[in-house]
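K.L.:
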Amino acid sequence: MIELILGGVKSGKSKLAEQQAINSGLDVIYLATAMKEFNGQTDPSMLQRIKTHELQRPDHWSVIEEPILLADRLLEQASEHKTLLVDCLTLWLTNLLLNNDPTLIKQETDKLIEALPRLKGHIIFVSNETNMGVIPTSQLARRFCDEAGILHQTLASLSDRVILTVAGLPHVLKGTL
Numbered sequence: 794m795i796e797l798i799l800g801g802v803k804s805g806k807s808k809l810a811e812q813q814a815i816n817s818g819l820d821v822i823y824l825a826t827a828m829k830e831f832n833g834q835t836d837p838s839m840l841q842r843i844k845t846h847e848l849q850r851p852d853h854w855s856v857i858e859e860p861i862l863l864a865d866r867l868l869e870q871a872s873e874h875k876t877l878l879v880d881c882l883t884l885w886l887t888n889l890l891l892n893n894d895p896t897l898i899k900q901e902t903d904k905l906i907e908a909l910p911r912l913k914g915h916i917i918f919v920s921n922e923t924n925m926g927v928i929p930t931s932q933l934a935r936r937f938c939d940e941a942g943i944l945h946q947t948l949a950s951l952s953d954r955v956i957l958t959v960a961g962l963p964h965v966l967k968g969t970l
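Numbering-wise, the working numbering comes out as the position in the sequence shown, counting from 1, plus 793.
As structure tokens, this is what we get:
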């Protein structure tokens, strides 16, 4: 079972994903993509977001921090007896875009898409739907939105369930809740 949960910032997507993971009845591994430090600098607001997520998820869940090699970690950890919750894909894309290797984003997104059919168990992806507003003025922001949109379309086509979360309310786009 592959599930994609989309929504805006603070839309309730992570809370829904965590509830879906609990409802699976399987052991849960939380794959966190946020980086506490980037280029030697810490962002206090990102640290607070990470702390909020740490406090709201159950203590008995295993947590793996993986900002870059997401497909590798999924392939290592997936099994029919586990739920893997990835939060979130847009932070992962940001990490890839801002990496010094310009080929990394294509390499890693291709690896993720190629890995999906081989993953066993319940996989839940959380991601920000960024493309419901105006076209950004900066080249980097436009590329980010394009990469996110393409990734979301591809993942949605390969997912068993796709949910858009708005104001804490889930709207099922594919599959059933």
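We put the CB at the ideal spot given by N, CA and C, even for glycine.
Any chance the CB of T923 is under 6 Å from a heavy atom of the ligand ZN?
P.N.:
Absence of the ligand ZN from the depicted structure is noted, as is the absence of any ligand whatsoever, leaving it without description.
K.L.:
Among all the DSSP beta bridges, which residues are the ones paired with F918?
P.N.:
Position 125 of the sequence shown, counted from the first residue, corresponds to residue 918. Paired residues: L797, V879.
K.L.:
Please report the distance separating the alpha-carbon of K875 from that of A941.
P.N.:
For the purposes of this step, residue 875 is identified with residue 82 of the sequence shown, where counting begins at 1. For the purposes of this step, residue 941 is identified with residue 148 of the sequence shown, where counting begins at 1. Taking the straight line from one Cα to the other gives about 26 Å.
K.L.:
For R866, which residues in the same chain have their Cβ closer than 7 Å to its Cβ, ignoring the five residues on either side in sequence?
P.N.:
The sequence position of residue 866 within the sequence shown is 73, counting from 1. So the list reads L824, I857, E859, once near-sequence residues are dropped.
K.L.:
Are L957 and H964 close, meaning C-beta to C-beta below 7 Å?
P.N.:
Sequence index remark: in the sequence shown, residue 957 carries index 164 (1-based). Sequence index remark: in the sequence shown, residue 964 carries index 171 (1-based). For L957 and H964, yes; Cβs fall inside 7 Å.
K.L.:
Would S952 and L797 qualify as a contact pair, given that the criterion is a beta-carbon distance under 7 Å?
P.N.:
Position 159 of the sequence shown holds residue 952. Position 4 of the sequence shown holds residue 797. Yes; because the gap between Cβ atoms is below 7 Å, this pair is in contact.
K.L.:
What is the rounded straight-line gap between the Cα of T902 and the Cα of L944?
P.N.:
Looking up residue 902 in the sequence shown gives position 109. Looking up residue 944 in the sequence shown gives position 151. Each residue's CA atom was taken as its position, placing T902 and L944 some 8 Å apart.
K.L.:
Three Cβ pairs or more, each shorter than 8 Å: is that satisfied between the region 887-906 and the region 840-850?
P.N.:
no
K.L.:
In angstroms with no decimal places, state the Cα-to-Cα distance between S894 and D820.
P.N.:
Along the sequence shown, one-based indexing puts residue 894 at 101. Along the sequence shown, one-based indexing puts residue 820 at 27. A small fix is needed here, since residue 894 is Asp in this sequence, not Ser. Between D894 and D820, the C-alpha separation is close to 35 Å.
K.L.:
Measure the C-alpha to C-alpha separation of S872 and L909 and round it to an integer number of angstroms.
P.N.:
As a working mapping, residue 872 is identified with position 79 in the sequence shown. As a working mapping, residue 909 is identified with position 116 in the sequence shown. Their backbone Cα atoms lie some 12 Å apart in a straight line.
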